[in-house]
Amino acid sequence: MHGGTGKTGAARKCKNPAAAAAAAAAVARAAETPQRAEYREAVRSTKAAAAAAVQKSATEPADSPPTSVESAGGAEAVQHSVSTIRRGKASAQFVQEFAADSAAAARDPRSNAAASTALSAEQVRAAVGGKRHSPVEKEQQEELAAAAAADRFSSLRRLLEATKDAKAELIAEQQAEEKAEQRREAERLEALRQKAERERREKEEAAKRQALLEEQQRKKEEEQQQRRREEEERRKKQEAEERKKQEAEEQRKQEVEKAQQKQQLQEAAQTDVTGMVYWGEQTDGSHARAIETLRGFIRGPLKRMPEGAEEFFCRELAKRILALCERGGQLSVRPSSVWAYGYLIRGVASHAKDFERIFRAALFSVCTYATPFSHRRTQGMTAEAFYRLRGQWAGESEVDFFDRMAASLRLWIAYLVCSQKLEDVWLWGARFINMLCSTSAKAGRIAPALLLEFLQTAGHAAARQYKKQFSKVMDIIRTSVLPRFEALKQKNAEGIGATVTQLALLVEDFYKSGHAFPEPEGKQMKQKESELSQDV
601 MHGGTGKTGA
611 ARKCKNPAAA
621 AAAAAAVARA
631 AETPQRAEYR
641 EAVRSTKAAA
651 AAAVQKSATE
661 PADSPPTSVE
671 SAGGAEAVQH
681 SVSTIRRGKA
691 SAQFVQEFAA
701 DSAAAARDPR
711 SNAAASTALS
721 AEQVRAAVGG
731 KRHSPVEKEQ
741 QEELAAAAAA
751 DRFSSLRRLL
761 EATKDAKAEL
771 IAEQQAEEKA
781 EQRREAERLE
791 ALRQKAERER
801 REKEEAAKRQ
811 ALLEEQQRKK
821 EEEQQQRRRE
831 EEERRKKQEA
841 EERKKQEAEE
851 QRKQEVEKAQ
861 QKQQLQEAAQ
871 TDVTGMVYWG
881 EQTDGSHARA
891 IETLRGFIRG
901 PLKRMPEGAE
911 EFFCRELAKR
921 ILALCERGGQ
931 LSVRPSSVWA
941 YGYLIRGVAS
951 HAKDFERIFR
961 AALFSVCTYA
971 TPFSHRRTQG
981 MTAEAFYRLR
991 GQWAGESEVD
1001 FFDRMAASLR
1011 LWIAYLVCSQ
1021 KLEDVWLWGA
1031 RFINMLCSTS
1041 AKAGRIAPAL
1051 LLEFLQTAGH
1061 AAARQYKKQF
1071 SKVMDIIRTS
1081 VLPRFEALKQ
1091 KNAEGIGATV
1101 TQLALLVEDF
1111 YKSGHAFPEP
1121 EGKQMKQKES
1131 ELSQDV
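Whatever position you read off the sequence shown (first residue = 1), add 600 for the working numbering.
(1) Between residue 1008 and residue 852, what straight-line distance do the alpha-carbon atoms span, to the nearest angstrom?
(2) DSSP on residue 1026, reduced to helix/strand/coil?
(3) Give the single residue among 979, 946 and 738 whose Cα lies nearest to the Cα of residue 918.
(4) Where do the ends of the alpha helix (DSSP H) carrying residue 923 lie?
(5) Please report the straight-line C-alpha distance between residue 1051 and residue 859, rounded to a whole angstrom.
(6) On a Cα-Cα basis, can you pick out the residue from 962, 1018, 1010 and 1055 that is closest to residue 1138?
(7) Is the separation between the beta-carbon of residue 1037 and that of residue 1081 shorter than 9 angstroms?
(8) With three or more C-beta pairs closer than 8 angstroms as the rule, is the stretch 1018-1033 touching the stretch 1053-1069?
(9) Return the residue from the list 1049, 1107 and 1010 that minimises the CA-CA distance to residue 1123.
(10) Helix, strand or coil: which one does DSSP assign to residue 1083?
(11) If we ignore side chains and look at the alpha-carbon of each, how far apart do residue 742 and residue 776 end up?
(12) Should residue 980 go down as buried or exposed, given a rule of 16 or more other Cβ atoms within 10 Å for buried?
(13) For the alpha helix (DSSP H) containing residue 998, name the first residue and the last one.
(14) Distance, Cα to Cα, residue 767 vs residue 787?
(15) Between residue 1100 and residue 1086, which are expected to be in contact by the criterion C-beta below 8 angstroms, what is the C-beta distance as a whole number of angstroms?
(16) Where residue 799 and residue 812 are concerned, what is the direct C-alpha to C-alpha distance, given to the nearest angstrom?
(17) Assess contact between the stretch 988-995 and the stretch 965-978, defined as three or more Cβ pairs (one per stretch) separated by less than 8 angstroms. Is contact present?
(18) When you compare only the Cα positions, how much space is there between residue 927 and residue 933?
(19) Just to confirm, are residue 826 and residue 1020 a CB contact at a threshold of 9 angstroms?
(20) List the endpoints of the continuous alpha helix (DSSP H) containing residue 951.
(21) How many whole angstroms separate the CB atoms of residue 972 and residue 1031, which I take to be in contact at a CB cut-off of 8 angstroms?
(22) Would you kindly check if the distance between the Cβ of residue 914 and the Cβ of residue 948 is under 9 angstroms?
(23) Within the same chain, show all residues whose beta-carbon is closer than 6 angstroms to that of residue 1014, passing over the 5 residues directly before and after it, in chain order.
(24) Measuring straight from C-alpha to C-alpha, what distance separates residue 1069 and residue 804?
(25) Quick one: grab the DSSP three-state call for residue 1067.
(26) Check whether the Cβ atoms of residue 1088 and residue 1076 sit closer than 9 angstroms, and answer yes or no.
(27) Where does residue 719 fall in DSSP's three states?
(28) So, for residue 925: in the same chain, excluding its five sequence neighbours on each side, which residues have a beta-carbon less than 7 angstroms away from its beta-carbon?
(29) Could you check if residue 1002 is buried or exposed, using at least 16 other CB atoms within 10 Å of its CB as the buried criterion?
(30) By the three-class DSSP mapping on this structure, what secondary structure does residue 1038 have?
(31) When the Cα of residue 1033 is compared with those of 759, 1017 and 1054, which residue comes out closest?
(32) Can you tell me whether residue 1084 is buried or exposed, with buried defined as 16 or more other CB within 10 angstroms of its CB?
(33) Could you name the residues of the same chain whose beta carbon sits closer than 7 angstroms to that of residue 819, not counting the 5 residues immediately before and after it, in chain order?
(34) Find out if the Cβ-Cβ distance for the pair residue 1120, residue 950 is shorter than 9 angstroms.
(35) Taking the alpha-carbon positions, what's the residue 1018 to residue 960 distance?
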């Protein structure tokens, strides 16, 4: 009855015989394999089959009958298990464990197909022999089955724990492998970092060595440059000292010459009229009386005049002398007579201390080129305003203006040469040449005439005094100034053509004569009346 009840309950609860057949077949195969690994694999496949059966049972209706294939499979699995038991290949413990597992599976509420595994021990025994036993035997068998179930649960628990341990070991191994991989990766990264650090240090050291070499090379070059500068400074200092010595010697010579000239002038002022150099020994009485009158006027009445009379006399004399520079005047018609007036101005200046200052101011007021200074026409300035600015009179033609400026400059340069003020001569020439070279050919059409008068009047004395330095100035004139004048000549051949040609010939004569100019006409005063020109 018990067995029939179990069978009826199993038939009533089982909805999927295929799951029971698969489970029974797996358990039978597990019993046939004594190896633990195979047994573990069988358990795993049994669990997988049960899970598949559960999933399939969940999708089927509750009252759907099993298919013929499933029934056949389940019957075949059960028959295989029974055959295994009958052949003696399974022990009594297997029978009890199988029954206990079937009962446990039947009690699992999570599986709809669990009832298919609820095969009782009596069903197994009935399948084996179909014999009925007494209640005592049944009770003993049930106790044996319960004990076997307990042992089975223990073995399953141990199996689960072993599975957990194996899983833990596997996880531990994986973690160890991951840690080893991480350690190897960290070691690789650390090696790369150290390599990069070594390369960086090597680069830094190489850069430092290069910078040190460059610094040493720079210091070496600076030292060389410093030595060259020191040598250049020593050389310049020596040259400056030598130049100072030469200048001091020349200054001393000039002072001696000036003192001698002053003494000669004083002696000439005290001598008789026959001692004057301009007039010869055969001077007539009218000239002697004029000179004696002038000398007496300077010594006597001029000094006894009231205050301001001497300044008035100096202003009037300067005005009269400058009037000779106008068109038709003595200095414009006869340029060589400028030396006589130069000596005259020097003589008057030696007795009247203010005469040179007054004469200089009067000359600069009518001839700014004697400074030298050149006015420029600004934007918006009319031609008349520009003419007045540069000193050209109203109604005066450009030719007359050029002649007057040339005569005024000739007089000033002649006075400087007669007074042995060659430093002022050199200063004027250097400034004028610099002005011509620094401007873009805007010196004007008057520039060739002014430069020609300077070289004709002071070229002889300047070449003798400054020698090589003056030759350098002449080189600049030939290479830089003359080409500009030639360009002006092409634009205004009628106005300055003759002057530029005369200047070029004068420069060529300077080089042909060994870097020297001939003494200008009229500088040496005539000693005899027969040497004077008959046209005067």
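Glycine included, each C-beta is placed from N, C-alpha and C at the ideal position.
Bear in mind that the values here come from a model prediction, so they are computed numbers and not experimental data.
On the basis of the coordinates in this document:
(1) 31 angstroms
(2) helix
(3) 946
(4) 909-923
(5) 31 angstroms
(6) The requested residue 1138 does not occur in the structure, where the chain is confined to residues 601 to 1136.
(7) yes
(8) yes
(9) 1010
(10) helix
(11) 49 angstroms
(12) exposed
(13) 998-1018
(14) 29 angstroms
(15) 7 angstroms
(16) 19 angstroms
(17) yes
(18) 8 angstroms
(19) no
(20) 938-951
(21) 6 angstroms
(22) yes
(23) 938, 939, 942 and 1057
(24) 59 angstroms
(25) coil
(26) no
(27) Here the model assigns residue 719 a pLDDT of 44, short of 50, so the residue's position is not dependable, and the following value carries that caveat. Note: residue 719 maps to coil in three-state DSSP.
(28) 931, 932, 1004, 1007, 1008 and 1011
(29) buried
(30) helix
(31) 1054
(32) buried
(33) none
(34) no
(35) 15 angstroms
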